[in-house]
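Listed in order, the protein sequences are those of chains A and B. Position 319 of the first sequence, counting from 1, maps to 319 under the working numbering, and the rest follow consecutively. For the working numbering, count along the second sequence from 1 and bump the result up by 1000. Don't be surprised by glycine CBs; every beta carbon is placed ideally from N, CA and C.
2 protein chains.
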Amino acid sequence: MRPTVHDIADHAGVSLATVDRVLNRRPGVRAATRARVEAAIETLGYVRDVAAANLAKGRVYPFTFILPSSDNSFMHGLHDELRHAMARSASERTNIRIVEVPAFEPTALIATLAEARDTQPAGIALVAVEDEGVRAAIDAIAAEGIPVVTLVSDLPGSRRAHYAGVDNIAAGRTAGGLIGRFLRGRAGKIGVLAGSMLVRDHRERLDGFSAVLTADYPGLAILPVREGRDDPEVARAAVAGLMAEHPGLLGIYSLGAGNRGLIAALKARPDIRPVVIAHELTAFTRAALSEGLIDAVLNQDAGHEIRSAIRVLKAKADGVPVIAAQERIRIDIFLKDNLP
Amino acid sequence: MRPTVHDIADHAGVSLATVDRVLNRRPGVRAATRARVEAAIETLGYVRDVAAANLAKGRVYPFTFILPSSDNSFMHGLHDELRHAMARSASERTNIRIVEVPAFEPTALIATLAEARDTQPAGIALVAVEDEGVRAAIDAIAAEGIPVVTLVSDLPGSRRAHYAGVDNIAAGRTAGGLIGRFLRGRAGKIGVLAGSMLVRDHRERLDGFSAVLTADYPGLAILPVREGRDDPEVARAAVAGLMAEHPGLLGIYSLGAGNRGLIAALKARPDIRPVVIAHELTAFTRAALSEGLIDAVLNQDAGHEIRSAIRVLKAKADGVPVIAAQERIRIDIFLKDNLP
DNA sequence: AAAAATCTGATTTACGTACATCAAAATTTC
DNA sequence: GAAATTTTGATGTACGTAAATCAGATTTTT
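So, in C-alpha cells, the structure goes:
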C-alpha cells in the first residue's frame, strides 16, 4: 500500500500538522524539522494523492483560454473542442472561460492578458502572436506563478510553461518531402500560399519547406510567397494569379487557412493540375482530397491540442510532472486513401 | 456547483441511505421510490464524483495485460511503455500484471485468458490472435462483466469492449497511395513482405494496399506476398530473393516486422533502388530512412496504445463513457524530413 | 532569567462517496 | 388486526488530504 501522510508523520517522529505544513509550504517549521520530514517523504516514496487532495480542497481549476476571433474552419474547430471540454468541466473540476481577441493584434492580446491575469486563474492558454509586449505579458504572469500554455502558435523565449501545438518546421519539411517525391525527377516551379508571414507558425512552415526543397530537390524552384491573409477570396485571387503567370506550375503548398479560395482557383483552371499540399482537414479540403484536387493534407487535431493544454495546465497548477510523449501534438498526414 | 448525493436526497425527499442504495444497486428499495430517486438524479444532472468514490472504496484497478513474447523492436517498445505505465501505478490506482504468451499460438492464449479470468481483474488487455477459441474466451470474460480490450491486433465479432490500435486497412491504403504517388507514371512490379498472413493486422494492411494499387495505379503489379515471419534473417532472404528474381523491381511494402533483414538485403544490392515503405519506427528503420534506403515509415505509437488501453479499461470498469476521438490511435507517417 | 517570538502537537471539521448497522416506519401476509 | 416482512431513515466510520484552532513546548531575544 502506498504511504500516506500518517506514515510520514510516524516515520519522521512529528505530528500530522507538521507534515501538512511541510507539504503545503506553510510557515512555522524549523529547517531541521522540515528536513526530517522531507527525508521521510523521500525514503518512504510518498506521493500526494492528488484526487484526495483536490477533494479536500474542493479545488476547481479556473482556466482562461484566449483565442483569436478568426473566421476560418480551424479556429471554429478549436472553439468547438473547447466547448466540448467545457461540457466536461464538472467531472474534470475545470472552470474554463473563453476570451476572444482580434487575430494578429499584439496590443489587444496584451490587454487581454493583463485582464486575465487580474482574475488570477489557475492557468492561462493563448494562441500567441510574436511580439515583445506579448512576451513580457506572459513573463509577468508566469512570475506570479500562474502557468501559461501557448496553443497552436508558440512564443519561444517567453516563460510559457508549455507549447500545445505541432512542430511547424517539421510540418513544412514534411510538405517539402512529399511534394519533392510526388514530383520525383521533374523540374519546375512551386508556388507557396501563406496566410501572413507575420505569424510564426506560417514562417516556420515555409522555412522547413524551403530547406528540404533547396537541399534535396534542386530542380524545384520556389516562387515568391503569396499571402492569402487566411481569407478565401484573397487566397483565390492569389492562386489564380499564380496559375495565370505560371502555366507550367508543378506544385502548390498552401500553408495557411483560406483553402476554400485555393480550391476555387484550382477548379477554375482544369488545364493546370499541380501537385497540391494544404493544411488542416476541413469539409473543403476533405472534399478536394477526395476529388483529387489536393494531393495531401497536413492536419493538427484541435481536440488533442485543447485536451493537452488542459491536462498540462492542471499538471502545472498542481506542480506535477507531465508525460512528455503524451503531450506531443502530432502532424496527421491525410491522402485521399486514409481519410478518417 | 455540481449536485451531490445530499442534493439528490433532498430533492427526492428520501434519506442519503436510500440514494446510496439506488446508486449502488443495493436491494431494499421499492420501485416507486427508486423511480423518484432516479428522476431526481436525472433532473439535477447528478454525476457521481468518481475520484471521491474511488477514494471511499479504496479502489485499485487490477489489470492484466497479455502480450506476445515476440522478439522484435515493436513488442519491446510495447513492453517498455507498459512498464512505464506500471511505474505510474501508484498515482493512477492501477495494479498491472503482465503475462507473456508465445506469439501466434491460440491455444496458449486461450489458456492464459482462462487463468487471467480466474484472478478476476478489473479489466484485461490482449494482443488478439484470430481464432474461434480466443473469441469464445473473450466473450466468456466479457459475460462476467470484466471489460476486455484488444491491443494492436483486433478481434472483431468478439465481445471486446474496445480496440486500442490503428486502422490497419487505412494503413495499407496509405502505403498504397504513397507508393503510387512516389512512382507516379511508372509501370512495373511491387513486392510485399509480410510477417504472416495468419495475423489479422497484416492481412488488413495487405488488403488496403492492394485495393488502392488496383484501383488507382493499374501500372503497378503486386507480386506474390513473401512471408518474413517477423524474423530478420528470414526477411532478408525473402527480400534478397525478390530482388534477384525481379531486377526491375519498383517498390517494396514491408507490412510486418523484421525490417532489419529488409534493410540488409537492400544494402546488399545497391544496383536496385526500389521505393520502400515499412512499418514501425525503430532504430533500424529510422537509420534507413535517414540514409534514403526507406522512403516512408508508417508508425503506431506504442505509448499511446498502452495509455489508451488503460484509460479505456478504467472507464469501462467504472461504467463511464470514453472520449472516442481521444482514443483513436493514429498512424504516424514519417519521411526522412520529419523524423522526431 | 524572564519575556517574546517561534515552532510543534493534538484535535477537529470538511470534501463526496461507500458501506454497515440498527431502529423505525410502512407494507404485506395470514 | 396482529405478525411477519420489507422498506426507509438516522447515524457513524472510512478513504487521504487540507485547513484551521488552540494549547504547550522550545527557542530566541533582551
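Strictly below 8 Å CB to CB, what residues from chain B border A:Lys336?
Result: Gly1177.
Less than 8 Å between the beta carbons of B:Gly1341 and B:Gly1256, yes or no?
No statement about residue 1341 of chain B is possible, as the shown extent of chain B runs from 1001 to 1340 and does not include it.
Listed in chain order, which residues of the stretch 64-76 of chain A have Cβ atoms closer than 8 Å to some Cβ of chain B?
Against chain B - using a Cβ distance shorter than 8 Å - the stretch 64-76 of chain A contributes no residues.
Would you mind working out which of A:Gly191, A:Arg48, A:Ala137 and A:Val14 sits nearest A:Ala35, comparing C-alpha positions?
A:Ala35 has its Cα closest to that of A:Val14, out of A:Gly191, A:Arg48, A:Ala137 and A:Val14.
Check each candidate in A:Val149, A:Val225 and A:Glu280 and name the one with the smallest Cα separation from A:Ile333.
With distances taken between Cα atoms, A:Ile333 lies closest to A:Glu280.
At a Cβ threshold of 8 Å, is A:Leu55 touching chain B?
Answer yes: the Cβ-Cβ gap between A:Leu55 and chain B drops below 8 Å somewhere.
Could you run through the stretch 93-117 of chain A and flag, in chain order, every residue whose CB is less than 9 Å away from some CB of chain B?
Correct list: Arg93.
Check whether the Cβ of B:Thr1174 lies closer than 8 Å to any Cβ atom in chain A.
Yes, its Cβ sits closer than 8 Å to a Cβ of chain A.
Could you confirm whether any beta carbon from chain A is found closer than 8 Å to the beta carbon of B:Ala1170?
Chain A contact via Cβ: present.
According to DSSP, is A:Ser91 part of a helix, a strand, or is it coil?
Reduced to three states, the DSSP call for A:Ser91 is helix.
Taking CB distances under 8 Å as the criterion, tell me whether B:Ser1091 reaches chain A.
Taking Cβ atoms only, chain A reaches closer than 8 Å to B:Ser1091, which makes this a yes.
For A:Gly303, decide whether its Cβ has a neighbour in chain B, counting only Cβ atoms nearer than 8 Å.
Cβ-Cβ to chain B under 8 Å: yes for A:Gly303.
Using the DSSP secondary-structure output, state which residues sit across from A:His202 in a beta bridge.
According to DSSP, which records beta bridges pairwise, A:His202 is partnered with nothing at all.
What do you get for A:Leu151, buried or exposed, if any count of 16 or more other CB atoms within 10 angstroms of its CB means buried?
A:Leu151 is buried by the Cβ-count criterion.
So A:Arg273 contacts chain B; which residues on that side make the cut at Cβ distance below 7 Å?
Within chain B, no residue comes near A:Arg273; the closest Cβ sits about 12 Å away, beyond 7 Å.
Verify whether the separation of the beta carbon atoms of B:Ser1254 and B:Asp1201 is less than 8 Å.
Contact: no.
Indicate whether at least one CB of chain B lies closer than 8 Å to the CB of A:Ala12.
For A:Ala12, the answer is no, since every Cβ of chain B falls outside 8 Å of its Cβ.
Using the DSSP secondary-structure output, state which residues sit across from B:Arg1226 in a beta bridge.
Note: B:Arg1226 sits in a beta bridge opposite B:Leu1193.
At a Cβ threshold of 8 Å, is B:Ala1315 touching chain A?
Chain A contact via Cβ: absent.
Using three-state DSSP, classify B:Arg1311 as helix, strand or coil.
In this structure, B:Arg1311 counts as helix in the three-state DSSP scheme.
In terms of DSSP beta bridges, what is A:Gly188 paired with?
For A:Gly188, which the question treats as bridged, DSSP gives the partners A:Leu220.
What are the uninterrupted segments assigned as beta strand (DSSP E) that are 3 or more residues long and contained completely in the stretch 1151-1186 of chain B, given in chain order?
Qualifying beta strand (DSSP E) stretches, in chain order: 1162-1164.
Following the continuous beta strand (DSSP E) through A:Ile66, name the residue where it begins and the one where it ends.
Looking at the DSSP string, the run of the beta strand (DSSP E) that includes A:Ile66 is Tyr61 to Pro68.
On the three-state DSSP scale, how would you describe B:His1246?
Coil at B:His1246, not helix or strand.
Pull up the distance between the alpha-carbon of B:Asp1139 and that of B:Pro1121, whole angstroms please.
Spanning the two alpha carbons is a distance of roughly 15 Å.
From B:Arg1059, B:Tyr1046, B:Arg1048 and B:Val1047, pick the residue whose C-alpha is nearest to that of A:Asp49; which is it?
When only C-alpha atoms are compared, the closest one is B:Arg1059.
Taking the C-alpha atoms as reference points, what is the distance between A:Pro3 and B:Phe1063?
Near 22 Å, if we compare the C-alpha coordinates of B:Phe1063 and A:Pro3.
Can you round the beta-carbon distance between B:Ala1164 and B:Val1149 to whole angstroms, since I take them to be within the 8 Å contact cut?
With a Cβ gap of about 6 Å, B:Ala1164 and B:Val1149 count as contacting.
Which of the three DSSP states, helix, strand or coil, is assigned to B:Gly1028?
DSSP places B:Gly1028 in coil when its eight states are reduced to three.
For the stretch 1085-1093 of chain B against the stretch 1123-1141 of chain B, are there 3 or more C-beta pairs whose distance is under 8 Å?
Not touching, per the Cβ criterion.
Excluding the 5 residues flanking A:His11 on each side, which residues of the same chain have their C-beta closer than 7 Å to its C-beta?
Excluding positions up to five away in sequence, the list reads Ala40 and Leu44.
Which residues share a DSSP beta bridge with B:Glu1327?
According to DSSP, which records beta bridges pairwise, B:Glu1327 is partnered with nothing at all.
Quick one: grab the DSSP three-state call for B:Asp1007.
The answer is helix: DSSP assigns B:Asp1007 an H, G or I state.
What whole-angstrom Cβ distance do B:Ile1179 and B:Ile1277 have, given they're in contact under 8 Å?
Contact holds; Cβ gap of about 6 Å.
Just checking: is the beta-carbon of B:Ile1333 within a distance shorter than 8 Å of some beta-carbon in chain A?
So yes, B:Ile1333 belongs to the interface.
Less than 8 Å separating the beta-carbons of A:Leu250 and A:Val275?
Against a cut-off of 8 Å, the Cβ pair of A:Val275 and A:Leu250 comes out as a contact.
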